[in-house]
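Below is one structure, written out as structure tokens, with a few remarks after it.
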Amino acid sequence: MLEILKEKDFNSIFWRVFGVNQKVYEPLDVFKAKKDKRADLKKNNRFINYSDVLSNKAYFENLFLEVKNFDILFLDYLLGNTEQNRFYIDQLQNITLNYKMFTSNNMQVIKLLNLFSFQIALVIENMAFQKIDTKLFDQALQTNSIKAFLDKCKEIEKIKSFKDMAVKFSHTHASFQEKTPDNITIEEIHPDTFQKELSLWNKGKTLPSLIKMVVIANSAIENKTKEQKAGIFLQLLIVRGLLHIQKEFNLDSDTITEFTEQLEEFRTQIKECYLKNQEDEIFKLQAMHLIDFSTIFEFDDPEKSYQVLKPKIDEFAKHNDEKIAIGKLMPDRELLINEFNQCESKDDYMQLLEKISSALNNKPSHNYTNNAYSFIKFIISIKIEDKKLFKEQLKFLDRSFGGVLSLYKIEHDLAKYITFLENRSDLVECIECIGNYFKNCQQ
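Heads up, this note's numbering is the position in the sequence shown plus 982, with the first residue counted as 1.
Shown next as structure tokens:
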């Protein structure tokens, strides 16, 4: 399962979960299938296949592309940028950001299940606390389908046949089109199309697209307040996402059962916290299972964002330190230390660097080991005293640590680092020396 989820083209994977069957480079791309622009394809291809040649600025822009577009789409166009909607979108974004971190670090499947189940439980129980009805969500989970939402539409409209419901949906869709800003083009949907799809959705054979979920959500509630509309739409979105993942990745019954049981357990815990007015306890629970990145884009000053984020990272690491088993993840650590300590010339260091690079091509990707190897390669580049090589290794080291080095504007002058490591030939001492310098830059 984990290997399937780590498919390189995350853009396609991500948006298919929510019923968008094309790549999304800009938020409004979701509304109409269109041929990809050559420039977008080229940029996406470079990120997927040749990310090494990208600047770190371009790399991180591509890395967070889905998060940025999802944020703008839902808050600026679909839901409205209210404090409540901001909370829900932040928590769904937490799934995406932590999912990327978990898969890149080869974390256990149970960690992924806890990530998804806790965040969904948090969103649903917050809705219940805000008096947004969650019965449809509960029924959808029980039947493993969106049938409950469709039945609710028929009940509200006092309609029995899908033929009549298709006409109603077509009118709702047309009304949505009319209210849409001029810069958004939404294709017309004929009642016949809705009729065919309603039957397939009801039987669980297909799932509605994002735009058609907007139509369903607007038809599935009687009290059409903005909060209720947003709540029902997000519940449907979550159900659709879960059903898609279940089918797309062929999840076995044990995994589905484990997820469902964990979801119920988290919902019970979170509900109890809300009833006791202990919201802080909810976020203590959250810190055990994921990192809350909701403030990562909140500050204009990246340093402030990092200072808020750092305690959350530390807290998560405290509960998940079993993943940092360097002895197992990096079995050649002692061998590398010995080989480094025996180097006597720049040629020796260059040979060691090439050996490490070659070996990494045959190792499974894992961020903890990648970070360690990046640090060692950076140290070796200082010893080789080649400016181009040094610059390249510094870029990859910064990337492996999420851009933190750029954030603190650490020194880019090779001569300074050469001075740091002067008369040092032991790898552990070199790492401690440079590591202490980086830490001092963060004070």
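A virtual CB, placed ideally from N, CA and C, is assigned to each residue, including glycine.
With a 10 Å radius around its C-beta and 16 neighbouring C-beta atoms as the bar for buried, classify residue i as buried or exposed.
i: residue 1096; result: buried
i: residue 1223; result: buried
i: residue 1160; result: exposed
i: residue 1024; result: exposed
i: residue 1407; result: exposed
i: residue 1125; result: exposed
i: residue 1380; result: buried
i: residue 1063; result: exposed
i: residue 1416; result: buried
i: residue 1051; result: buried
i: residue 1249; result: buried
i: residue 1245; result: buried
i: residue 1138; result: exposed
i: residue 1179; result: buried
i: residue 1089; result: buried
i: residue 1073; result: buried
i: residue 1400; result: exposed
i: residue 1197; result: buried
i: residue 1260; result: exposed
i: residue 1061; result: buried
i: residue 1053; result: buried
i: residue 1328; result: exposed
i: residue 1299; result: exposed
i: residue 1123; result: buried
i: residue 1094; result: buried
i: residue 1309; result: Residue placement at residue 1309 is poorly supported in this model, since its pLDDT is 36, which falls under 50; the coordinates are not used for a value here.
Could you give the DSSP three-state label for residue i: helix, strand or coil?
i: residue 1052; result: helix
i: residue 1208; result: helix
i: residue 1062; result: coil
i: residue 1325; result: coil
i: residue 1275; result: coil
i: residue 1003; result: coil
i: residue 1046; result: coil
i: residue 1422; result: helix
i: residue 1036; result: coil
i: residue 1261; result: helix
i: residue 1348; result: A caution first: residue 1348 carries a pLDDT of 46, below 50, which makes its placement in the model unreliable, though a value can still be read off. Residue state, collapsed to three classes: coil.
i: residue 993; result: helix
i: residue 1018; result: coil
i: residue 1236; result: helix
i: residue 1367; result: coil
i: residue 1008; result: coil
i: residue 1080; result: helix
i: residue 1332; result: helix
i: residue 1302; result: coil
i: residue 1270; result: helix
i: residue 984; result: Low per-residue confidence applies at residue 984: pLDDT is 42, beneath 50, and the placement is therefore not dependable enough to give any value.
i: residue 1073; result: helix
i: residue 1090; result: coil
The ligand HEM and residue i: does the residue's C-beta get closer than 6 Å to at least one heavy atom of that ligand?
i: residue 1252; result: Ligands displayed in this structure: none; no statement on the ligand HEM is therefore possible.
Are the beta-carbon atoms of residue i and residue j separated by less than 7 Å?
i: residue 1423; j: residue 1392; result: yes
i: residue 1116; j: residue 1106; result: yes
i: residue 1359; j: residue 1333; result: no
i: residue 1022; j: residue 1007; result: yes
i: residue 1450; j: residue 1322; result: Beyond the ends of the chain as shown, which are 983 and 1425, falls residue 1450; an answer cannot be given.
i: residue 1099; j: residue 1241; result: yes
i: residue 1396; j: residue 1372; result: yes
i: residue 1168; j: residue 1013; result: yes
i: residue 1252; j: residue 1238; result: no
i: residue 1431; j: residue 996; result: Beyond the ends of the chain as shown, which are 983 and 1425, falls residue 1431; an answer cannot be given.
i: residue 1009; j: residue 1045; result: no
i: residue 1195; j: residue 1216; result: no
i: residue 1104; j: residue 1184; result: no
i: residue 1274; j: residue 1292; result: no
i: residue 1318; j: residue 1362; result: no
i: residue 1203; j: residue 1214; result: yes
i: residue 1201; j: residue 1135; result: yes
i: residue 1101; j: residue 1071; result: no
i: residue 1148; j: residue 1177; result: yes
i: residue 993; j: residue 1272; result: no
i: residue 1364; j: residue 1331; result: no
i: residue 1256; j: residue 1111; result: yes
Contact criterion: CB-CB distance below 7 Å. Does residue i meet it with respect to chain B?
i: residue 1077; result: Looking at the structure shown, chain B is missing, and only one protein chain is on hand.
Checklist line | the segment 1352–1361 contacting the segment 1334–1341, beta-carbon criterion three pairs below 8 Å | finding: These segments touch.
Next item on the list: Taking only runs that begin and end inside the segment 1104–1156, name each unbroken alpha helix (DSSP H) of 4 or more residues, in chain order.
Entry: For the segment 1104–1156, whole alpha helix (DSSP H) runs of length 4 or above, ordered along the chain, are 1117–1125, 1129–1139.
Next item on the list: Assess, as a yes-or-no matter, whether the segment 1141–1151 is touched by the segment 1204–1212 under the definition of 3 or more beta carbon pairs within less than 8 Å.
Entry: Fewer than three Cβ pairs drawn from the segment 1204–1212 and the segment 1141–1151 lie within less than 8 Å of each other, which leaves the two stretches out of contact.
Notebook entry, point to check: Counting pairs of Cβ atoms below 8 Å between the segment 1166–1173 and the segment 1183–1191, do you hit three or more?
Noted result: Fewer than three pairs of CB atoms, one per stretch, sit closer than 8 Å, so the segment 1166–1173 makes no contact with the segment 1183–1191.
Notebook entry, point to check: Unbroken alpha helix (DSSP H) runs of length 4 or more, entirely within the segment 1381–1417: which are they?
Noted result: Runs found: 1386–1389, 1396–1402.
Next item on the list: Could you pull out every unbroken beta strand (DSSP E) segment of at least 3 residues lying fully inside the segment 1154–1234, listed in chain order?
Entry: With a minimum length of 3 residues, no continuous beta strand (DSSP E) run stays inside the segment 1154–1234.
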